[in-house]
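Worksheet: the structure to be examined is printed underneath.
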Amino acid sequence: MATEAFGLPFEVGTLSAWLVWILPFAAAMIIPGVGKLSKHATGYVAVAFALMSALSAATMIPVALEAHEMHHQIMWIEALGLKGGVLADPLSIIMSNVVGWISFLIMIYSTGYMKGDKDIARFWFWMMFFIGSMQLIVLSDNLLQVFFGWEGVGLASYALISFWYRDKKKDHVGVEGRTVLGMLDYYSPTHAGMKAFIMTKVGDVMMIAGMLLIFLFAGTFGFRELMGDTEWATAMAAQGLLVPAFVLLFGGAVGKSAQFPLNEWLLEAMTGPTAVSALIHAATMVKAGVFLVARIGPLVFALGAAGIMADQFFEVVAWVGAITALLLATQGMVNPEIKKVLAYSTGSQIGYMMMALGVAGLSHQYVDGYTAGFFHLISHAMFKASLFMAAGSLLHIVGSRFMTDMGGLRKQMKKTYAFMWAAGLGLMGAPFITTGFWSKDAIFAAVYESGNEWALPLYVIAVLTAVITTFYTTRMIGMVFFGKKSRHIEKMEEEGHHIHEASLSMWVPYGILAVLTIGIGLIGLSTEEGLHHVFVEYLEESFGIHTIHVAAEESILPEFLQGLNPVALGSSLVAFSTGIGLGYIFYIGRWVDPVKFINSNIFFYAIHKVILNRWYLNAIIYWCFVVAPLWLARGIFRYFEKTAIDYGMNDGVQKAVGWGAKVIQGTQTGVSQSYLFVFGAGLLFVVLILLI
Amino acid sequence: MLEITSTPLVLIAILGTVGVLLPIISISRKEQGSNSFYAIIAFAALIVSVAYVGYQFINDNVSPSALFSQDVVVDDAFGGFFAIAMLIVALFTTVGSFNYMRKQNSPAVYYSLILLATIGMVLVAYSTDLVMLFVAWELMSIPTYVLVGFMKKNPSSNEAALKYFLFGALSSAIIVYGISISYGLTGSTNIGEVIQGYSTLDPTLFPLALLSVGMFIAGFGFKMGLVPFHQWLPDTYEGAPSPITALLAAATKKAGFAATIRVVVLGMVVLNLDWTLALGVIAVMTMTIGNVAAIMQKNLSRMLAYSSIAHAGYILIGLAVAPHSSLGLQGSLYQIMNHAIMKGAAFIAIAGIVTTLAVTNIDKLKGLGRRMPITALGLVIALFALAGIPPLSGFWSKLMLFGSALDAGSVIWWAPWLAIAGVLNSALSLAYYGWITRKMYFEGETEKRVAEPKSIIAVMIFSTIFLVGFGVYPDPLIKFVEFATPVISLGLMP
Numbered sequence: 007m008a009t010e011a012f013g014l015p016f017e018v019g020t021l022s023a024w025l026v027w028i029l030p031f032a033a034a035m036i037i038p039g040v041g042k043l044s045k046h047a048t049g050y051v052a053v054a055f056a057l058m059s060a061l062s063a064a065t066m067i068p069v070a071l072e073a074h075e076m077h078h079q080i081m082w083i084e085a086l087g088l089k090g091g092v093l094a095d096p097l098s099i100i101m102s103n104v105v106g107w108i109s110f111l112i113m114i115y116s117t118g119y120m121k122g123d124k125d126i127a128r129f130w131f132w133m134m135f136f137i138g139s140m141q142l143i144v145l146s147d148n149l150l151q152v153f154f155g156w157e158g159v160g161l162a163s164y165a166l167i168s169f170w171y172r173d174k175k176k177d178h179v180g181v182e183g184r185t186v187l188g189m190l191d192y193y194s195p196t197h198a199g200m201k202a203f204i205m206t207k208v209g210d211v212m213m214i215a216g217m218l219l220i221f222l223f224a225g226t227f228g229f230r231e232l233m234g235d236t237e238w239a240t241a242m243a244a245q246g247l248l249v250p251a252f253v254l255l256f257g258g259a260v261g262k263s264a265q266f267p268l269n270e271w272l273l274e275a276m277t278g279p280t281a282v283s284a285l286i287h288a289a290t291m292v293k294a295g296v297f298l299v300a301r302i303g304p305l306v307f308a309l310g311a312a313g314i315m316a317d318q319f320f321e322v323v324a325w326v327g328a329i330t331a332l333l334l335a336t337q338g339m340v341n342p343e344i345k346k347v348l349a350y351s352t353g354s355q356i357g358y359m360m361m362a363l364g365v366a367g368l369s370h371q372y373v374d375g376y377t378a379g380f381f382h383l384i385s386h387a388m389f390k391a392s393l394f395m396a397a398g399s400l401l402h403i404v405g406s407r408f409m410t411d412m413g414g415l416r417k418q419m420k421k422t423y424a425f426m427w428a429a430g431l432g433l434m435g436a437p438f439i440t441t442g443f444w445s446k447d448a449i450f451a452a453v454y455e456s457g458n459e460w461a462l463p464l465y466v467i468a469v470l471t472a473v474i475t476t477f478y479t480t481r482m483i484g485m486v487f488f489g490k491k492s493r494h495i496e497k498m499e500e501e502g503h504h505i506h507e508a509s510l511s512m513w514v515p516y517g518i519l520a521v522l523t524i525g526i527g528l529i530g531l532s533t534e535e536g537l538h539h540v541f542v543e544y545l546e547e548s549f550g551i552h553t554i555h556v557a558a559e560e561s562i563l564p565e566f567l568q569g570l571n572p573v574a575l576g577s578s579l580v581a582f583s584t585g586i587g588l589g590y591i592f593y594i595g596r597w598v599d600p601v602k603f604i605n606s607n608i609f610f611y612a613i614h615k616v617i618l619n620r621w622y623l624n625a626i627i628y629w630c631f632v633v634a635p636l637w638l639a640r641g642i643f644r645y646f647e648k649t650a651i652d653y654g655m656n657d658g659v660q661k662a663v664g665w666g667a668k669v670i671q672g673t674q675t676g677v678s679q680s681y682l683f684v685f686g687a688g689l690l691f692v693v694l695i696l697l698i
Numbered sequence: 047m048l049e050i051t052s053t054p055l056v057l058i059a060i061l062g063t064v065g066v067l068l069p070i071i072s073i074s075r076k077e078q079g080s081n082s083f084y085a086i087i088a089f090a091a092l093i094v095s096v097a098y099v100g101y102q103f104i105n106d107n108v109s110p111s112a113l114f115s116q117d118v119v120v121d122d123a124f125g126g127f128f129a130i131a132m133l134i135v136a137l138f139t140t141v142g143s144f145n146y147m148r149k150q151n152s153p154a155v156y157y158s159l160i161l162l163a164t165i166g167m168v169l170v171a172y173s174t175d176l177v178m179l180f181v182a183w184e185l186m187s188i189p190t191y192v193l194v195g196f197m198k199k200n201p202s203s204n205e206a207a208l209k210y211f212l213f214g215a216l217s218s219a220i221i222v223y224g225i226s227i228s229y230g231l232t233g234s235t236n237i238g239e240v241i242q243g244y245s246t247l248d249p250t251l252f253p254l255a256l257l258s259v260g261m262f263i264a265g266f267g268f269k270m271g272l273v274p275f276h277q278w279l280p281d282t283y284e285g286a287p288s289p290i291t292a293l294l295a296a297a298t299k300k301a302g303f304a305a306t307i308r309v310v311v312l313g314m315v316v317l318n319l320d321w322t323l324a325l326g327v328i329a330v331m332t333m334t335i336g337n338v339a340a341i342m343q344k345n346l347s348r349m350l351a352y353s354s355i356a357h358a359g360y361i362l363i364g365l366a367v368a369p370h371s372s373l374g375l376q377g378s379l380y381q382i383m384n385h386a387i388m389k390g391a392a393f394i395a396i397a398g399i400v401t402t403l404a405v406t407n408i409d410k411l412k413g414l415g416r417r418m419p420i421t422a423l424g425l426v427i428a429l430f431a432l433a434g435i436p437p438l439s440g441f442w443s444k445l446m447l448f449g450s451a452l453d454a455g456s457v458i459w460w461a462p463w464l465a466i467a468g469v470l471n472s473a474l475s476l477a478y479y480g481w482i483t484r485k486m487y488f489e490g491e492t493e494k495r496v497a498e499p500k501s502i503i504a505v506m507i508f509s510t511i512f513l514v515g516f517g518v519y520p521d522p523l524i525k526f527v528e529f530a531t532p533v534i535s536l537g538l539m540p
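In order, the protein sequences belong to chains A and B.
Position one of the first sequence corresponds to residue 7 (our numbering), numbered consecutively onward.
Position one of the second sequence corresponds to residue 47 (our numbering), numbered consecutively onward.
Here it is as structure tokens:
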């Protein structure tokens with residue numbers, strides 16, 4: 007990059023790394039002021055700043071392609087020797103572009119989606135705050151600064167999930183009155199916001215503990231500094247603290263990325279405006295966890311290569327990812343609410359990414375899993391943002407969050423129908439034409455080739471999840487667009503509502519992303535190879551992780567697929583066709599009625615019920631961490647506070663003090679003679695103590 | 047020999063000249079003259095004095111911490127520290143009297159007495175000779191006897207003055223007795239020489255030396271308001287004019303501490319006697335009795351009188367652990383400076399309330415936050431600072447005091463109990479500080495605002511800025527305290 011141009015004290019390229027996250031915050035600062043003048047203008051300000059931030063991110067792309075990095079530090083807290091800074095390396099540059107551009111599209115979409123909302127200025131404020139915090143996470147060069155952004159997205163997500171804080175019935179999620187194990191499965195926006203905030207906080211506390219543990223030994227939070235001198239790791243490993251510290255850090259990622267067992271908040275987060283769901287689930291918050299693992303993963307692997315083993319960390323990451331992927335995918339099959347299906351799918355897909363990043367550390371070719379996980383992050387960001395925004399349009403038009411209230415919409419909403427198919431195929435991993443296929447296939451290959459003892463079970467889970475994913479995506483599209491019109495829609499049409507396509511500002515953003523899903527998918531293999539190449543150099547330069555170049559064996563595959571693992575490819579194809587076939591039978595062709603099918607057999611019925619009840623995980627969490635503490639608190643209040651504290655301490659102390667004060671007042675007679683006597687006695691007393 | 051520009055001499059010159067001139071002016075002017083005229087002259091003299099002390103500090107003309115010299119007074123940082131605290135309180139008193147004395151007789155004498163008493167206090171802090179100390183002590187005490195009884199027609203003011211005088215006379219006698227014993231044992235009244243004499247004392251004479259220490263503790267303890275030498279204090283503080291109460295509580299009390307630190311703590315440390323336990327026991331008694339009695343009071347002056355007894359107890363913690371923890375004296379000095387401002391401001395606020403609303407009963411303070419918002423806010427800040435609530439300045443000094451007690455715990459087993467007693471007492475004290483606050487802010491919603499005296503507002507603003515400013519950024523004050531705090535060692539002799 008141009009050095010010292012314009013006489014600035016830093017490289018111009020570095021400036022854009024700062025701007026990427028400062029601009030959204032600046033927008034958040036001025037939006038309340040702008041809102042005083044004109045509510046309408048806030049949207050333009052937000053979109054303009056989001057665009058500038060994204061453009062700043064784009065200017066850094068050349069650096070990433072050359073696998074260089076820009077690192078700029080300033081003194082932050084002098085007394086503690088803490089430095090703040092930006093670190094723009096290929097990882098963070100690619101991530102900041104994904105975040106920046108998708109956020110920009112979501113902002114455009116929001117101008118249509120949120121049109122006419124009373125509190126629009128508040129919405130834009132928090133959206134910009136959200137984007138700024140996320141970019142701060144991405145571009146920070148140290149853990150502490152990451153943590154600031156981390157808490158920023160937590161705060162913003164709380165504010166946005168509870169955005170419709172008046173708790174109107176239409177803003178709830180879940181089926182009214184439905185209970186699981188006595189726990190209501192029906193949540194208001196404010197409850198949901200609180201739930202998200204508290205559950206992610208559990209992870210945050212673990213993360214800060216891990217951070218401080220590392221700081222205690224290393225004396226720095228900086229990623230580069232941690233890599234520079236690894237004595238701290240030796241010291242920590244000697245005390246058996248290295249793996250716990252990393253796992254604690256990963257705890258933060260588990261909370262933020264809604265991984266098992268902190269996954270339950272994600273579902274209720276659907277109470278926010280759909281634009282928020284898209285932002286949280288596609289581009290930002292939930293990706294923060296994956297990004298953190300991608301940030302520290304190479305460090306852990308490099309330490310391992312240097313003889314300081316921390317393999318357990320990768321095992322934890324891989325297994326948490328695998329469990330989440332399967333657990334949430336199953337629930338996506340049965341839920342009737344479209345946004346919840348997408349939410350389950352998000353958690354599940356992030357599980358894939360975690361699995362890939364974990365497996366990477368367990369194999370010899372770190373870069374394979376690493377690239378696969380990160381590639382999946384990018385492709386998922388595109389198709390999931392598109393799906394969410396499309397789902398938002400459906401909600402907007404139909405006025406219901408239930409897929410059972412939709413049906414047969416393919417005639418009225420042709421564009422949305424087409425884009426949902428395109429993005430949906432990405433999620434299913436439709437062979438050869440979608441980004442989702444290539445990234446998922448890369449994950450399969452990475453898991454299969456890792457050569458680890460866990461490779462086989464992980465591989466089975468991955469493939470099974472892929473089948474389920476394809477099935478529920480087909481189901482979603484089938485329920486919304488195929489079959490007969492639901493009663494709800496018929497009623498709406500009777501009342502004179504016209505079911506129509508969404509407005510321009512809404513369908514264009516998800517259209518773009520849907521087209522990109524297919525477009526990049528067509529050149530998916532070369533994209534993946536490009537990414538692979540960048541990461542090989544990046545890992546080599548920044549972490550000293552060597553990649554052994556293995557000459558690709560001649561395989562039985564046709565020429566354009568050379569270099570792919572045939573087993574992974576085969577599994578991919580089988581999973582796709584099985585899933586879409588089953589989905590077609592039940593929901594598009596409607597040859598078998600799914601309700602009758604489930605009720606036909608006690609076994610299916612039981613499985614369906616367990617899955618629909620979220621594997622009882624949510625209810626158990628509520629019983630253990632909400633109801634039980636409340637009982638305990640009430641018990642303590644009744645049997646301890648009311649008695650020991652109130653009667654014993656409060657009244658007791660008060661009485662004792664009052665009595666003491668009376669006694670002292672009694673001595674204060676006002677008669678000088680008695681005072682003089684006390685004075686004399688006091689003198690004697692002092693001399694006596696001295697003589698002891 | 048002392049230079050003619052040394053701080054104590056210059057202060058005597060400034061304050062003495064103005065103090066003597068004021069009554070002469072008033073006689074020569076035939077008519078009584080307005081109160082504010084004399085107040086402004088006294089104010090100017092005090093400002094010049096503070097400025098001179100500050101100037102000496104800035105120019106490094108002051109020897110660090112405490113010294114013992116062959117002269118009767120010494121120009122050291124220890125004395126300067128106390129001088130600044132006392133002069134600020136005297137300024138408070140003068141400003142606070144602007145309104146209070148408006149309709150009273152002979153204002154010239156009143157301000158003259160304040161200035162003379164101020165010389166006395168300042169000299170107590172600077173004295174290095176027991177006789178000089180005693181003379182300064184009397185110079186401080188006698189004007190205050192008169193000031194306490196200044197409201198001639200007010201019986202409670204008279205009673206207050208009489209009790210104060212009676213106990214003052216007794217304590218003076220006890221101090222003289224202590225001086226005479228130490229003179230008899232060592233043949234000198236210079237504190238430095240007394241220490242040397244004590245360090246080579248024949249062990250059979252130790253009980254006599256102890257008796258002199260006891261005499262000093264009791265004599266100075268009267269001014270400090272230590273239990274059991276405290277009983278005059280509530281009666282006097284309640285009956286005296288409120289600005290004078292500020293002077294007594296915030297300034298003359300500190301003179302007692304200055305004398306105790308120089309004579310007992312620094313002087314007698316060589317005696318290798320265990321006087322620390324005595325001070326520790328007195329500290330706990332003082333703070334507990336002060337706080338417990340304060341809780342049931344109905345009168346604001348009287349409540350604060352007990353609270354100032356309690357604070358003497360906190361300060362004494364530092365003195366008691368001084369030989370075993372370097373933080374001890376630092377904490378005490380810090381608390382002394384803070385307490386001067388906090389208590390001074392609180393009593394001046396009462397003076398403002400008395401002149402405007404003519405009430406001191408706590409029940410009548412309902413809605414003060416609406417009637418006199420600035421005074422009420424200043425009072426609340428001062429009270430919270432007294433309670434030691436962060437981030438006010440009072441928090442840091444209490445922290446340092448209790449910290450010193452814990453620090454000394456490795457040497458003397460009972461020291462941590464002082465900290466525990468201090469913390470419990472601070473919690474207890476919140477009960478009555480909080481009660482006043484509640485009365486002022488959460489009751490009497492319908493009250494209307496009345497005009498507040500400007501002079502009181504000025505004091506409130508100053509104290510609030512001081513307490514909040516040094517609470518948020520305590521560094522400079524801590525540095526100053528460290529500079530002024532004497533280091534206990536045997537090598538203090540010149």
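Don't be surprised by glycine CBs; every beta carbon is placed ideally from N, CA and C.
Please read all numbers here as calculations on a predicted model, not as lab measurements.
Alpha-carbon to alpha-carbon, residue j and residue i
i, j, result
"Val469/B", "Phe128/B", "26 Å"
"Gly430/A", "Ile467/A", "21 Å"
"Ser511/A", "Met419/A", "15 Å"
Interface flag, residue i vs chain B, CB-CB below 9 Å
i, result
"Ile651/A", "no"
"Lys661/A", "no"
"Ala11/A", "At Ala11/A the pLDDT is 40, less than 50, meaning the model places this residue with poor confidence and gives no usable figure here."
"Phe691/A", "yes"
"Val684/A", "yes"
Min CB distance residue i to chain A below 9 Å
i, result
"Leu538/B", "The pLDDT assigned to Leu538/B is 41, lower than 50, so where the model puts this residue is not dependable, and the model offers no usable value."
"Ala264/B", "yes"
Host alpha helix (DSSP H) of residue i (start-end)
i, result
"Asp147/A", "Run containing Asp147/A: none; DSSP gives neither H nor E here."
Host beta strand (DSSP E) of residue i (start-end)
i, result
"Met189/A", "189 to 193"
Proximity of residue i and residue j at Cβ, strictly below 9 Å
i, j, result
"Val527/B", "Leu325/B", "no"
"Val292/A", "Ala324/A", "no"
To test your reading of the DSSP string, which unbroken alpha helix (DSSP H) runs of 4 or more residues are found completely within the region 107 to 157 of chain B? The qualifying runs are 123 to 146.
If contact means a Cβ-Cβ distance below 7 Å, which residues of the region 335 to 349 of chain B contact chain E? Of the protein chains in the structure, A and B, none is chain E.
What residue ranges within the region 43 to 119 of chain A form continuous beta strand (DSSP E) runs of no fewer than 3 residues, ordered along the chain? If we require 3 residues or more, the beta strand (DSSP E) runs fully inside the region 43 to 119 of chain A come out as 76 to 83, 88 to 94.
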